[in-house]
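Q: I am attaching a structure below and will ask some questions about it afterwards.
Residue numbers (our numbering): 488 to 1002.
Next up, the structure:
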C-alpha cells in the first residue's frame, strides 16, 4: 500500500468488489461507487484506505490483486479492521473465507459487514456469518450449474461455436442460420498448416516428430490464446490434439460409423453427415455427445479416419525405442493368459556365452499361468515374426493389385452379421406374445446382439479403410535391408504392422497384424 499514514492501531480498510455477473444483473446497489460511498459513510472520520476489485469473481482471491494487497497490508500490521458492503463481497467460497478470517484473527483484524447486523468479534456473529456464506457459496454453485446447463443445451440444439478455447486453423464470425444468430468457425490463414499436418502424419512411416520438424523448417507456429495473450504451442501434445480433433473432418457416413463404434451419443441423423461439415465433441456430466457444426471441415474423411486408426494403434504400442533385448519388446504376450512376455538374459557358468529366454509375467499373478519360463526362444519368435511380416506385405501387394478378389475375412464377418440379423428378427416376432419376464429377456438379448453387430460392422469398416489406404512401399524398402537395421529401427517398422504376438510352447506363435 502506497502513501498511507498509519496510527498505532492501524487504519480501516474498505474493500469493494463487483463481478461481471453483478454487472449483467444490473444491480446498482452493488456498483463500486455505491459500495464505496456506503462504507466511507460508515467509517466516518477514521483513517481509511479503499481496495477495489472491479469485474473480479468472488470464487477465489488469487485473481483479485487489490484483495491480495490488502491481505499483505494486514500481515504488515497496517490494518486494524476491514469493512465491506456484504460478506459475499469478501468471498463466496466458504472454506477459503474461513481460512482468510482465521488468518486475520491472528493479526487482530476484524471484518465488519454493513448489510449483516453482526461482526466477527463475537461467536454469535461468526456463526451467522458462516451461515450466510454457506448460502452465498450455494448460490455461486447454482449459477455455475445453470451456466453449464445452458451451454450444454445450446451445444445440443445448434451447430454454433460455443466460445471458449481458440481452435487452431479457424476464426469465428457471427452468422444467422435457421433464424438464429451465433458464432460460426471459418478457415483462418493457419488452415493450410492443419491440412499439411494431416498429410504428413497419415503416411505409415511418419510420426509427430516429422510434423514438428516440417513446421519449424517452414516457420509455422501453432499460436493460441492463453491468459489473453497469443503463445506458441509448438509441442507434441498440441499437434496431437489437432490430429485427433473431429472439428477438422468433413464428416461423412463412415465418420458417423466411427463415432458409433466409440459409443458416443450422436445427436444428428446419419443423413446429415454430408461429407462437408465438421463436428463438435462435447463432454458434460460424464456423457460424450457429438454434434455436427455449421462450419465446413478441412480434412477429407478418408485421411482423417486413417490418422485416427494410426493414432489408436500407436497408443497400444509402448515406446520401446531404447529396448536392447529384442525388437519385439512390447508386442509379446502369453498365448494362455494374455499377459506380457518379458525377455531376460542369463550367462553360462564360464561367462563365455549369453542366452535369452521368455518369462511369463502372468505366472506371477494370483491365479498363475502354466509356466514361468517358455521353452520357445526369442530367436525362434523373431525369425517367425519376421517371416510373417514379409508374408503379410506380399498379401497386401497382391490385394492392392487384385482389389476385386474375394476377401474371406470380410465374407465371414458379413455372414456373422446376417446370422445376427436373423436372430434379432426371430426374437422380435416373439415379443407380441411375451409375458413381462420373457419380454425383458428378449429385450436384453436383442440389445446384446445389436452391440455385437455394431462391433462386427466397425471391424469391417476399419478393415476396409486400412485396405484402401495402405501403401506398402514404406514397408517393402526397409524389409529388403532388414539385417542392416538397428533394433529400434526394426521395432519401429514392426509397430507399423503388428498389434500383438501370442507365444506358447503348446500352440506356437500367432501374429495379429494391425494392417
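Just so it is clear, CB atoms sit at the ideal spot from N, CA and C, and this is done for glycine as well.
Just the Cα atoms here: how many angstroms apart are residue 942 and residue 835?
A: 50 angstroms
Q: Looking only at its chain, what residues have a beta carbon closer than 6 angstroms to the beta carbon of residue 997, apart from the 5 residues adjacent to it on each side?
A: 989
Q: I'd like to know if the region 514-534 and the region 550-558 are in contact, where contact means that at least 3 CB-CB pairs between them fall below 8 angstroms.
A: no
Q: Between the alpha carbons of residue 663 and residue 550, how many angstroms are there, rounded?
A: If you take the alpha carbons of residue 663 and residue 550, they lie about 36 angstroms apart.
Q: Using only the alpha-carbon positions, how far apart do residue 502 and residue 671 sit?
A: 41 angstroms
Q: According to DSSP, is residue 762 helix, strand or coil?
A: It is coil, neither helix nor strand.
Q: Between the Cα of residue 846 and those of 860, 837, 839 and 601, spot the shortest distance and give me the residue it belongs to.
A: Ranking the options by Cα distance to residue 846, first place goes to 860.
Q: Using only alpha-carbon positions, find the residue among 572, 999, 601 and 782 that is nearest to residue 675.
A: 782
Q: Could you give the distance in angstroms between the alpha-carbon of residue 995 and the alpha-carbon of residue 868?
A: 9 angstroms
Q: Would you kindly work out how many angstroms separate the C-alpha atoms of residue 543 and residue 733, rounded to a whole number?
A: 35 angstroms
Q: Using only alpha-carbon positions, find the residue among 798, 762 and 775 that is nearest to residue 784.
A: 762
Q: Between the Cα of residue 724 and those of 940, 694, 683 and 973, spot the shortest distance and give me the residue it belongs to.
A: For the residues 940, 694, 683 and 973, the minimum Cα distance to residue 724 belongs to 694.
Q: What residues match up with residue 827 in a beta bridge as DSSP calls it?
A: 820
Q: Roughly how many whole angstroms lie between the Cα atoms of residue 748 and residue 692?
A: Approximately 26 angstroms between the Cα atoms of the pair.
Q: State buried or exposed for residue 726, treating a residue as buried only when at least 16 other CB atoms are found within 10 Å of its CB.
A: buried
Q: Looking only at its chain, what residues have a beta carbon closer than 7 angstroms to the beta carbon of residue 537, apart from the 5 residues adjacent to it on each side?
A: 501, 503 and 523
Q: Of the choices 840, 698, 827 and 777, whose alpha-carbon is the least far from that of residue 682?
A: 698
Q: DSSP three-state call for residue 857: helix, strand or coil?
A: coil
Q: I'd like the list of long-range same chain contacts for residue 552, defined as Cβ closer than 8 angstroms, with 5 residues on each side in sequence excluded.
A: The residues 540, in chain order, have a CB closer than 8 angstroms to that of residue 552 in the same chain once the five nearest residues on each side in sequence are set aside.
Q: Span of the alpha helix (DSSP H) holding residue 724?
A: Segment 723-731, the alpha helix (DSSP H) holding residue 724.
Q: What does the alpha-carbon distance come out to for the pair residue 925 and residue 931?
A: 10 angstroms
Q: State the beta-bridge partners of residue 737 as determined by DSSP.
A: DSSP, once it has assigned bridges, lists no residue as partnering residue 737.
Q: By how many angstroms is the C-alpha of residue 797 removed from the C-alpha of residue 791?
A: 10 angstroms
Q: Would you say residue 968 and residue 984 are within 8 angstroms of each other, going by their C-beta atoms?
A: Contact flag unset, no.
Q: On a CA-only basis, which of 963, 841, 586 and 799 is nearest residue 882? Give me that one, please.
A: Per the Cα distances, 963.
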